[in-house]
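Protein chains in written order, with our numbering: chain A, 938 to 1197; chain B, 94 to 933. Quick reminder that beta carbons are idealized off the backbone N, C-alpha and C, glycines included. Okay, so here's the structure we're looking at.
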Amino acid sequence: MTTSTEQSLASGAPNGSGNSTAAAATQALNKTYGTGDTRVHALKNVDVAFQSGKFTAIMGPSGSGKSTLMHCLAGLDTADSGKIWIGGTEITALNDNQLTKLRRERVGFVFQAFNLVSTLTAEQNITLPIALAGGTVDKEWFRYVTSTLGLADRLTHRPHELSGGQQQRVAVARALLTRPDVIFGDEPTGNLDSKVGAEVLSLLRRSATEMGQSIIMVTHDPVAASYADRVVLMNDGALVGELERPGTEQILAALAKLGA
Amino acid sequence: MLQVALAQVKQHARRFIAVALAVVMAVGFLTATLMVNASTEASLGNSVGAGFRNADLVLSSGPDKPLDEQAAEAVADADGVAEVYVQQQTHVAFGTAGEAGYGALQNTAPSAGLDNLELIEGALPGSGEVAVDDATAERLALTVGSKLEFAPGAGMAAAEDVAASGIPATVSAIVKASKDPLMMGQPQFFGTSGFIAALADEQAPVQVRSIQLDLAAGTDTAAAKDAVAAALTAAGFAESTVNTAAEQTKEVVAGFTGGTDQLTIVLLAFALVAVLVSALVVANTFSVLIAQRTRELALLRCIGAGRGQIRRSVLVEALLVGVVASVIGVLGAVGLMAGIIAVLQGRPDTEFAALAVPPLAVAVGLVTGVVMTVLAALAPARAATTVAPLAALRPAEDVRVGNRKGKVRLGFGIALVVGGAVVLGLGALNANLLIALPGGAMSFIGLLLCATLFVPPLVTAVGALARPLGVPGKLAAVNAVRNPGRTSATATALLIGVTLVVMMMTGAQTARTAFESELSAQYPVDISIGNLAEDGGQLDEAAAETALTYDGVAAAGLITTGGYATVNGQRTGVYQLTPAQRELLQDQSLTLDADTVLLAEGSGLDTLTVTGSSGSKEFQVVEVSSFSFPPLMSSAVAEEIGVPAPAAADSEEYFSALPQLWLSVDRDLDATALMELRSELAAGLNVQDYQISGAAIERAAFNQIIDVLLLVVTGLLAVAVLIALVGVANTLSLSVLERTQESSLLRALGLTRNQLRGMLALEAVLIAGVAALIGSGLGSLYGRLGAQSALGTFTAVVPDVPWLQLAAVLAVAVVAGLLASVMPARRAARLSPVEGLATV
Ligand SMILES: Nc1ncnc2c1ncn2[C@@H]1O[C@H](COP(=O)(O)OP(=O)(O)OP(=O)(O)O)[C@@H](O)[C@H]1O
Ligand SMILES: [Mg+2]
């Protein structure tokens, strides 16, 4: 779907390929929490587009609205005003059931913690969205994803029998399996040590490069962000800039400017 | 720590609501039970005491010697006695210009101090005057000054004659109708003693109801009582009793009810079950609450709270909840009873109903509720103290129950099951309910103790059925046994009620079947109509056809004599049965061939020679275990020996050879329908009711009694079941709280709201359904063994399972499970995925 919004935003996408449909996009997105004195303007007129097949990181100081933006984008939360598209579908108009369906078919998630259902095995966790949709698992793709992630011999284990890194990899596998329009990650490596974190990040990097998977990741870690094609910077509920394939130094410098 | 407990209760009031609800119901039930007895007595006292409510002492007749004027004179001189009122009553006929009827006439008291009447208008009657009750006055349009005629109640052929020849009287007052049971429900008149004496005759003599005494002011009642008793004895009325009004009421009520104490005991047994179930629910809820607060408790321990303080904090919570819930329960019970009494008071037959709130009932309700709640919280409180301070720093994983204690409990439970089963078996074998009952109770308690052994595996097994429902089904099955201890306790609470209900159902059904087989042995057919019609005619084929036209009659056959024989020294007709008529027999195993004749039990014959019109034949006798079975042979043989002419009206065998009409009726006719059918038949066939008898009629009457009993028992047990369902809802909603993050994750991953709701509903249904399933199984077994123990000596007990009722129990459990999940599921589904994930 090509809309005026996207075109206007496409120019802001420095990586060329301006004619490809955005994996996710927003237009004039506003979100407030609370009322009166405690009122917080968490998102202020956010216009952003995330390119298909790219790995984008969202950065910014604590409380700048990163998680809020991601939750709205993923259809987990509702915005006050503005529009949101996922893979060309405007989701702001969908009801709860339609949103749920969209999530299980076209969106993948990797959270910081509590990623897995503790009563299910790794395999069951990975196939959960497909099972929920009542679809059939693409066996070959499943084998490819799990072996690439090094989970092949861990499939019958339950979450508490897996290490933190393994649990995150299971979550990544789950997100990849449905070949969603976009995968969202909210500090997916926040709880991992740097070695395991690097493992998960390079995995995400590879799935973007090799499988053309669109990924949007919220992170505080400049090293993590340096795996991304593009870094979007937020401050105080608004977009304040972006970096193209930045290095760690570059990111640190940009963040320092934001006072983070 | 009190602060912590208070904060807990205040902040998590919602979590305590279910605990409170369970306690409220149990306490309410218990208190109401205790009030039933007191209120019954108060109501009866209100009625019984109406006739002597102002007397200081009441004298009533001994068993042999009625009180009379002589007795009155004897006590009048006793120390302290001021006034004597010999209360007399007789039955009178009365007439006014337009109306006539019968009523009760009582004399008025000689002095105001003993007067029991409540004047509405007018003045107490003097000579030639009567007071009349307000209801009668209204019905007959009587006012003060109206004229009436009276005559002895039994002497008049028709009340109408009274108006012409009776003793006239003027209405001097309208009074409130007395609630005295011997006056109620009929026209009430009050006049002078002289008036009564004039109206009494041999057939309706004056009866001295009592002698009522007014004591002089300042007299010691006990002393006066002794003096009066002595005076009575001296006068020859040693067996008469002397009571105060209150004592007299009590005595009469006790004579009336006799059984209310037993009723209270039975009701108390049910209340006890409710209290037990509620204790289980409370204990379970508290352990869940503790489990959820492990981290918080550990934190308290970290910052220096001692074990004792933690335990006390939990117990204070229990105490708070117990007190509040018990007070509400007692108030609820009082309100309920007040409501019932108010309804009763509004009805003319029971307007004497009175509410009694005995302090004992209130105290017992409050104490039981509080003690039960605190006791039930003891184990969870102890569990709370075992939380290690370090737990605060560990990830919140389910804390497993201590193993040693669990093993002891299991061992104890298994021992009880085995021991109880042996005793129960012995009781059943010897058909001794007194042995079987403790055995059954023992084994049941044992089973409850080891519920963790069989409940979770069964839930898992049944949960496999939910697999086809996809992810929500699978998850529900897993979640239902996530915490086996919790699941077992939840199911156990429900199990108790269901087992008892099903036990009653099975017992009733088995008793019914046993009784029916007894009946079919007693009576040859559903309904048989014998003897002559009222006009002296015999029943004939036309009668059979008429009978068939009635609703409910399935088949009819006229059976007639096919020969004559001598049985027990009496000439009698031997009836012939066509193959079609054989279908009418209750006992379809009876066969008639060419060589046999069926005879009622006790003939002592091996063979019987039956004479027909063209010959006779010797038959083998087959005895039927019934006394009311007429001699029967097959119609084919009757043809062979020649069907004889009907017996002559003056012959010896005439009455035992009259044609009989046999009917079979639809099985589903209830008692009322059968009684109606019986009177319709009696009218249509021109016979008397008593000529129509048979198994169907007795069966219906018996079934009606069983049905009513079953209904009452089920209703009483329903309270326990309801409490258990509160437990199911509670456990579920607490589990839902625990699983908030997981629910949110599932929602984020694509579980729809409805799927989430369905998942929780399924979980509740699984737990409730399995509890109902186990309860049904156990209840059937106990019911069967119980019936064997209770009825084994009277009849052969054949197991009979009330499948339909079992299905109903299961259906109710499933629906109730669904209902129990509504609130928790709504709360879980309302949560947006983000909110849930945020509460890390
Ligand atoms: N449920 C809520 N109710 C009220 N205010 C909220 C809620 N969620 C977030 N906020 C506020 O909205 C603003 C943006 O929050 P958000 O969680 O998006 O920040 P963030 O950039 O993800 O921060 P962090 O890096 O700390 O995770 C913050 O000021 C926060 O306090
Ligand atoms: Mg955040």
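Rounded C-alpha distance that separates residue i from residue j
i: B/V890; j: B/A604; result: 8 angstroms
i: B/N336; j: B/V237; result: 36 angstroms
i: B/H105; j: B/E410; result: 11 angstroms
i: B/L774; j: B/P617; result: 19 angstroms
i: B/L413; j: B/A922; result: 31 angstroms
i: B/T189; j: B/M277; result: 21 angstroms
i: B/D761; j: B/I790; result: 12 angstroms
i: B/V494; j: B/G578; result: Per-residue confidence for B/V494 stands at a pLDDT of 40, beneath the threshold of 50, marking its modelled position as unreliable; the derived number appears in the next sentence. Using only the alpha carbons, I get a separation of about 8 angstroms.
i: B/G735; j: B/F712; result: 15 angstroms
i: B/R920; j: B/M852; result: 13 angstroms
i: B/G870; j: A/R976; result: 59 angstroms
i: A/G1178; j: B/Q848; result: 41 angstroms
i: B/T654; j: B/L526; result: 47 angstroms
i: A/N1172; j: A/D984; result: 14 angstroms
i: B/G428; j: A/K968; result: 52 angstroms
i: B/T639; j: B/L778; result: 8 angstroms
i: B/R107; j: B/G876; result: 39 angstroms
i: B/T671; j: B/A729; result: 8 angstroms
i: B/L625; j: B/D633; result: 10 angstroms
i: B/G206; j: B/T326; result: 26 angstroms
i: B/Q46; j: B/P261; result: Within the shown structure, residues of chain B are numbered from 94 to 933, placing residue 46 of chain B beyond reach of any answer.
Beta-carbon proximity of residue i to residue j, cut-off 9 angstroms
i: B/A418; j: B/V819; result: no
i: A/Q964; j: A/G1019; result: yes
i: B/G533; j: B/G520; result: yes
i: B/Y178; j: B/A224; result: no
i: B/L924; j: B/S836; result: yes
i: B/T592; j: B/F537; result: yes
i: B/V714; j: B/S696; result: yes
i: A/S1145; j: A/G990; result: Note that residue 1145 of chain A is Ala in the sequence shown here, rather than Ser. Yes, these two residues count as a Cβ contact at 9 angstroms.
i: B/A364; j: B/L123; result: yes
i: B/V268; j: B/D307; result: no
i: B/M430; j: B/V902; result: no
i: B/M597; j: B/L803; result: yes
i: A/L1129; j: A/F992; result: no
i: B/Q199; j: B/Q281; result: yes
Beta-ladder partner(s) of residue i, from DSSP
i: B/W755; result: B/S621, B/G650
i: A/W1022; result: A/A962, A/E1027
i: B/S709; result: B/T704
i: A/H1008; result: BP columns for A/H1008 are empty, so no partner.
i: A/G1178; result: A/L1170
i: B/G194; result: B/F187
i: A/K968; result: A/L980
i: A/V1074; result: According to DSSP, A/V1074 bridges with nothing at all.
Supposed close pair residue i, residue j - CB separation, criterion 8 angstroms
i: B/G666; j: B/S749; result: 6 angstroms
i: A/A986; j: A/V1119; result: 12 angstroms between Cβ atoms; not a contact.
i: B/A586; j: B/V374; result: 5 angstroms
i: B/A339; j: B/A584; result: Not a contact, Cβ separation roughly 51 angstroms.
i: A/P1066; j: A/R1041; result: 4 angstroms
i: B/V299; j: B/A293; result: 4 angstroms
i: B/L692; j: B/L683; result: Wrong, their Cβ atoms sit about 12 angstroms apart, outside the cutoff.
i: B/A234; j: B/V812; result: That belief does not hold up - the Cβ atoms of B/A234 and B/V812 are roughly 50 angstroms apart, past 8 angstroms.
Could you check whether the segment 811-830 of chain B touches the segment 641-650 of chain B, counting it as contact only if at least three pairs of C-beta atoms, one from each stretch, sit closer than 8 angstroms? Because the criterion of three Cβ pairs below 8 angstroms is not met, the segment 811-830 of chain B and the segment 641-650 of chain B do not touch.
For the structure I just gave you, are there three or more beta carbon pairs, one from the segment 376-384 of chain B and one from the segment 1180-1190 of chain A, closer than 8 angstroms? The segment 376-384 of chain B vs the segment 1180-1190 of chain A: no contact.
Is it true that the segment 1121-1130 of chain A meets the segment 1005-1019 of chain A, where meeting means three or more beta-carbon pairs spaced less than 8 angstroms apart? Yes, the segment 1121-1130 of chain A touches the segment 1005-1019 of chain A.
Can you find at least 3 beta carbon pairs, one from the segment 1078-1089 of chain A and one from the segment 1102-1118 of chain A, that sit closer than 8 angstroms? Because the criterion of three Cβ pairs below 8 angstroms is met, the segment 1078-1089 of chain A and the segment 1102-1118 of chain A touch.
Quick check: the segment 128-140 of chain B against the segment 148-164 of chain B, are at least 3 beta-carbon pairs closer than 8 angstroms? Judged by Cβ distances under 8 angstroms, the segment 148-164 of chain B makes no contact with the segment 128-140 of chain B, as fewer than three pairs qualify.
Does the segment 618-625 of chain B come within contact of the segment 671-687 of chain B, defined as at least 3 CB pairs closer than 8 angstroms? The segment 618-625 of chain B vs the segment 671-687 of chain B: in contact.
Under 8 angstroms: do the segment 540-555 of chain B and the segment 824-832 of chain B share three or more Cβ pairs, one atom per stretch? No, the segment 540-555 of chain B does not touch the segment 824-832 of chain B.
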